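Participant: Shown below is the structure under consideration.
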Amino acid sequence: MKGKRVGYREVATILILVISAFVLFTAVASADGLPCACGDICVNETGWWRNGGDFNASNTPIQHAIDNATVGNIICVKDGTYKENVDVNKRLTIRSQNGSASTTVEALNSDDHVFEVTADYVNISGFTVQNATGGDDAGIYLNSTDHCNISGNNASYNNRGIYLYYSSYNTLTSNNASYNGYYGIYLYYSLQHAHEQHRFVQRP
């Protein structure tokens, strides 16, 4: 018995159904927005977005994510190299998705800190921070802040790796602060810190 031939109309109907389903799926996905499974806000090299929100293009996406974050948000930074001088002025957690080997923040202006923190209870983890080579500039600079957590960072090739200025009761854990101009970790009138498992190598 010969099989039934599929006519042109049947093929056209199937194609229309497939295309309609694809358009519907795309519309639903667009309505739901972009996912951010690792935090409240995600950042990549070209922009940032909230979980379920729209993409916002930016040349300084980490800073713009901070500016648009609310207190207590988690900012998750995707793999890549970012050229920024980042000011953190509110209580946030800023972390890379896959660690310091995958995520680098270089000072756009070498005469400024890579990260400058002026708020209490800030957490920064999993970054390579470098190129803050001018004056007293540092990879991570805590300016009169308390109860911050700085962990798992590679703060190298700066004037100072991690610099605490009039900052107390902070926790620094498992940071690599090597090959900096003057100090790996420098404390200026800063008291009562918890330190653990840092690595230091002096620049030759």
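Residue numbers (the numbering used here): 127 to 330. All residues carry an ideal CB built from backbone N, CA and C; glycine is no exception. All of these numbers come straight from a predicted model, not from anything done at the bench.
Here's a check: name, in chain order, each residue in its chain whose Cβ is nearer than 6 Å to the Cβ of N275, leaving out the five neighbours to either side.
Facilitator: N249 and T297
Participant: Could you round the C-beta distance between S270 and Y291 to whole angstroms and report it? I think they count as a contact, below 8 Å.
Facilitator: 7 Å
Participant: Within 10 Å of its beta-carbon, does Y312 have 16 or more other beta-carbons around it, so buried, or fewer, so exposed?
Facilitator: buried
Participant: Considering only residues of the same chain and omitting the five flanking positions on each side of C202, which have a CB-CB separation below 6 Å?
Facilitator: C164, G165, C168 and Q223
Participant: Quick check on the DSSP output: what are the complete beta strand (DSSP E) runs of length 3 or more inside the stretch 250-291, in order along the chain?
Facilitator: 254-256, 264-269, 275-277 and 286-291
Participant: Given a cut-off of 8 Å on the beta-carbon distance, is the pair Y247 and R217 in contact?
Facilitator: yes
Participant: Just mark V149 as buried or exposed, buried being the case when its beta carbon has 16 or more other beta carbons within 10 Å.
Facilitator: Low confidence applies here, because V149 scores a pLDDT of 42, under 50, leaving its location unreliable and the question unanswered by this model.
Participant: Quick check on D246: does DSSP put it in helix, strand or coil?
Facilitator: In the three-state reduction of the DSSP assignment, D246 falls in the coil class.
Participant: Would you identify the three-state DSSP class for D193, choosing helix, strand or coil?
Facilitator: helix
Participant: The beta strand (DSSP E) that contains T229, what's its start and end?
Facilitator: T229 to E232
Participant: With DSSP as the reference, label S156 as helix, strand or coil.
Facilitator: Low per-residue confidence applies at S156: pLDDT is 39, beneath 50, and the placement is therefore not dependable enough to give any value.
Participant: Just checking my contact of N279 with N306 at CB under 8 Å: how many whole Å lie between their CB atoms?
Facilitator: Rounded, the Cβ-Cβ distance is 13 Å, inconsistent with contact.
Participant: Using the beta-carbon count (16 or more within 10 Å), is A183 buried or exposed?
Facilitator: exposed
Participant: Grab the span of the beta strand (DSSP E) containing Y314 for me, first residue to last.
Facilitator: Y309 to Y314
Participant: If you check the beta carbons only, do Q189 and E210 fall under 8 Å apart?
Facilitator: yes
Participant: The beta strand (DSSP E) spanning R217 covers which residue range?
Facilitator: That residue, R217, is in no beta strand (DSSP E); it is neither H nor E in DSSP.
Participant: Which residues in the same chain as I288 place their Cβ atom closer than 7 Å to its Cβ, once the five residues preceding and following it in sequence are excluded?
Facilitator: A264, G265, I266, I276, A281, L298, N301, A303 and I311
Participant: Taking C-beta to C-beta, are N215 and A245 nearer than 8 Å?
Facilitator: yes
Participant: Which residues share a DSSP beta bridge with F181?
Facilitator: Beta bridge pairing from DSSP links F181 with no other residue.
Participant: At which residues does the beta strand (DSSP E) containing T297 begin and terminate?
Facilitator: T297 to T299
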